[in-house]
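Protein chains: 2
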Amino acid sequence: MTNRIPPRSGTAFELKKGQLLTVVDPEGEQVSDLVAYNAEDTREYLSSGRSIDYAGRMFLTTGDILYSNRSVPMLKIVEDEVGRHDFSLTPCSRDTFRIIYGDKDPHHGCQGNLENALAPYGIGPDAIPTAFNVFMHVAVDSDSGEIKVLPPKSKPGQKTVFRAEMDLIIAMTACSAGQSNNFRYKPIDFRIDNAA
Amino acid sequence: MTNRIPPRSGTAFELKKGQLLTVVDPEGEQVSDLVAYNAEDTREYLSSGRSIDYAGRMFLTTGDILYSNRSVPMLKIVEDEVGRHDFSLTPCSRDTFRIIYGDKDPHHGCQGNLENALAPYGIGPDAIPTAFNVFMHVAVDSDSGEIKVLPPKSKPGQKTVFRAEMDLIIAMTACSAGQSNNFRYKPIDFRIDNAA
Numbered sequence: 187m188t189n190r191i192p193p194r195s196g197t198a199f200e201l202k203k204g205q206l207l208t209v210v211d212p213e214g215e216q217v218s219d220l221v222a223y224n225a226e227d228t229r230e231y232l233s234s235g236r237s238i239d240y241a242g243r244m245f246l247t248t249g250d251i252l253y254s255n256r257s258v259p260m261l262k263i264v265e266d267e268v269g270r271h272d273f274s275l276t277p278c279s280r281d282t283f284r285i286i287y288g289d290k291d292p293h294h295g296c297q298g299n300l301e302n303a304l305a306p307y308g309i310g311p312d313a314i315p316t317a318f319n320v321f322m323h324v325a326v327d328s329d330s331g332e333i334k335v336l337p338p339k340s341k342p343g344q345k346t347v348f349r350a351e352m353d354l355i356i357a358m359t360a361c362s363a364g365q366s367n368n369f370r371y372k373p374i375d376f377r378i379d380n381a382a
Numbered sequence: 187m188t189n190r191i192p193p194r195s196g197t198a199f200e201l202k203k204g205q206l207l208t209v210v211d212p213e214g215e216q217v218s219d220l221v222a223y224n225a226e227d228t229r230e231y232l233s234s235g236r237s238i239d240y241a242g243r244m245f246l247t248t249g250d251i252l253y254s255n256r257s258v259p260m261l262k263i264v265e266d267e268v269g270r271h272d273f274s275l276t277p278c279s280r281d282t283f284r285i286i287y288g289d290k291d292p293h294h295g296c297q298g299n300l301e302n303a304l305a306p307y308g309i310g311p312d313a314i315p316t317a318f319n320v321f322m323h324v325a326v327d328s329d330s331g332e333i334k335v336l337p338p339k340s341k342p343g344q345k346t347v348f349r350a351e352m353d354l355i356i357a358m359t360a361c362s363a364g365q366s367n368n369f370r371y372k373p374i375d376f377r378i379d380n381a382a
């Protein structure tokens, strides 16, 4: 069963160890901010710094492991039709839209959507870390370190599949930031399957 | 007064709004992992993801602001003789030495030193985020995203100066990871001054 995350919204759900999470970009060039917590102890969360260090790469893809802040594997990327994601930026928020876009009456962004989705699990706003931004295309200049948020490489229907390495609470969005999706706010689809 | 952080150790202290923190590399090619918390509410902490997003650059230097997870300025870099630091990796830890270096009986690393230094402030191990790694030189390949930890660019006696933008609890280390300091474990010096 495919679930749809409508434009500029988010959701949260449990993903059991061994289950597969397939994230699909139904229309292409959209981003999904993904965060994860140990279902047994939500103080354990997805850590960009640990994952990048152990992979030796900023950009993770098939075969790479997303580690927790306690250096325990949380998710493994088992299939990846897109091959480019970001793990350096926090979810867009009221402040992002105020500081970067200059919006006077800013949208609450992925941060607000993740906060609302995670509240029923007792996970508060301060516990939302740097997200694994599925399909997000951030170019980095090797010399200056300058970053540019480019349109995602994902084409309509392309997917990335994650396997849960522990029992997790996952929250995901259909991204609210124009730069991330080429200013066409689109939905994100996902599916949960038991391992074959 | 200059304080010395001995090799492979750490310390924590309060830094009041407006005070200047000068971090000195006395022997050159050493790294100091730095984390910061709002002294009034330690759930507010230094956020690599927010800071990189707002700066539009992975590598921060003079004039750049280190933001909290709540998008509030915590520290501003007001002087920087080195110009290259890392904000993508978590502190080295028992697990770092086990996973990356293959150590059988690993050192507790900067993570352990930060945990010990922060315990008196009621800040626990899970609250230690991706650090601002002063003088750490991480090269990033634009295409593959591959990272390489290179010897720091800091020469003996060079410094970077931060100004506190709010009342803070700071923890800092003299880094324990061989890759970060060219396998010569050295001390780090720091000084606190009131604004002129």
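Chains as they are written, first to last, in this note's numbering: chain A, 187 to 382; chain B, 187 to 382.
Cβ atoms here follow ideal geometry from the backbone N, Cα and C, with glycine treated the same way.
Please list the partners that F245 (chain B) has in chain A, where partner means a Cβ-to-Cβ separation under 8 Å.
S330, G331
Identity of the residue in B:F348, B:D353, B:F376 nearest D266 (chain B) by Cα:
B:F348
Closest Cβ-Cβ distance between A225 (chain B) and chain A: below 8 Å?
no
So, L336 (chain B) versus H323 (chain B), is the Cβ gap smaller than 8 Å?
yes
Would you identify the three-state DSSP class for I285 (chain A), choosing helix, strand or coil?
helix
Ordered along the chain, which non-local residues of its own chain (more than five positions away) have a Cβ less than 7 Å from that of F321 (chain A)?
D211, Q216, V217, S218, V268, H271, P338, S340
Burial state of P192 (chain B), where buried means 16 or more other Cβ atoms lie within 10 Å
exposed
Give me whichever residues DSSP pairs with S254 (chain A) in a beta bridge.
A:L232
Which residues in the same chain as T346 (chain B) place their Cβ atom closer than 8 Å to its Cβ, once the five residues preceding and following it in sequence are excluded?
T208, V209, I263, E265, D266, E267, V268, H271, V320, F321
Chain A contact for L232 (chain B) (CB, 8 Å cutoff):
no
Kindly list, in the order they appear in chain B, the residues whose Cβ is closer than 8 Å to that of L220 (chain A).
Near L220 (chain A) there are no residues of chain B at all, since even the closest Cβ is about 13 Å away, more than 8 Å.
Does the structure place the segment 247-261 of chain B close enough to the segment 226-233 of chain B that three or more beta carbon pairs sit under 8 Å?
yes
Given 8 Å as the limit, is there contact between the segment 349-364 of chain A and the segment 280-300 of chain A, that is, 3 or more CB pairs closer than that?
yes
Reference G310 (chain B); option with closest CA among B:L300, B:D281, B:F318, B:T316:
B:L300
Reference N367 (chain B), options B:G214, B:N224, B:D291, closest by Cα
B:G214
Does the Cβ-Cβ distance between A241 (chain B) and I356 (chain B) come in under 8 Å?
no
Cross-chain neighbours of D291 (chain B) in chain A, by beta carbon under 7 Å
Within chain A, no residue comes near D291 (chain B); the closest Cβ sits about 17 Å away, beyond 7 Å.
Proximity to D223 (chain B) [Cα-Cα], best of B:L354, B:R370, B:R194
Position check: residue 223 (chain B) holds Tyr in this sequence, whereas Asp was assumed. Nearest C-alpha to Y223 (chain B): B:L354.
State yes or no: is the C-beta of S274 (chain A) within less than 8 Å of the C-beta of S257 (chain B)?
no
For T247 (chain A), which residues from the same chain have a beta carbon less than 7 Å from its beta carbon, with the 5 sequence-adjacent residues on both sides left out?
I263, D266, G269
Is the beta carbon of G331 (chain A) sitting closer than 8 Å to the one on M244 (chain B)?
yes
Could you check what DSSP says for G406 (chain B) in three-state terms: helix, strand or coil?
In the structure as shown, chain B starts at 187 and stops at 382, and residue 406 (chain B) therefore has no counterpart that could be examined.
Whose C-beta lies closer than 6 Å to the C-beta of K203 (chain B) among residues of the same chain, with five residues either side of it excluded?
A350, M352, D353
Along the alpha helix (DSSP H) that carries Q297 (chain B), what are the first and last residues, could you check?
295-304
Looking at the structure shown, is S218 (chain B) part of a helix, part of a strand, or coil, going by DSSP?
strand
Note down, in chain order, all residues in the segment 352-377 of chain A with a beta-carbon under 7 Å from any beta-carbon belonging to chain B.
none
Partners in chain E for S274 (chain A), counting only beta-carbon separations shorter than 8 Å
No chain E appears in this structure, whose protein chains are A and B.
Please identify the residue among B:L220, B:G288, B:L261, B:I285 whose C-alpha is closest to the C-alpha of P277 (chain B).
B:L220
Can you find a heavy atom of the ligand MN that lies under 7 Å from the Cβ of N224 (chain A)?
This structure lacks the ligand MN, and indeed carries no ligand of any kind.
Whose C-beta lies closer than 6 Å to the C-beta of R236 (chain B) among residues of the same chain, with five residues either side of it excluded?
Y253, S257
Under three-state DSSP, which class holds I309 (chain B)?
coil
DSSP three-state assignment for Y223 (chain B), whether helix, strand or coil:
strand
Shorter than 8 Å from the beta carbon of I286 (chain A) to some beta carbon of chain B?
yes
Spell out whether any CB of chain A is found under 8 Å from the CB atom of A325 (chain B).
yes
Would you say N255 (chain A) faces chain B, with C-beta separation under 8 Å as the test?
yes
Simplified DSSP assignment, three categories, for I238 (chain A)
helix
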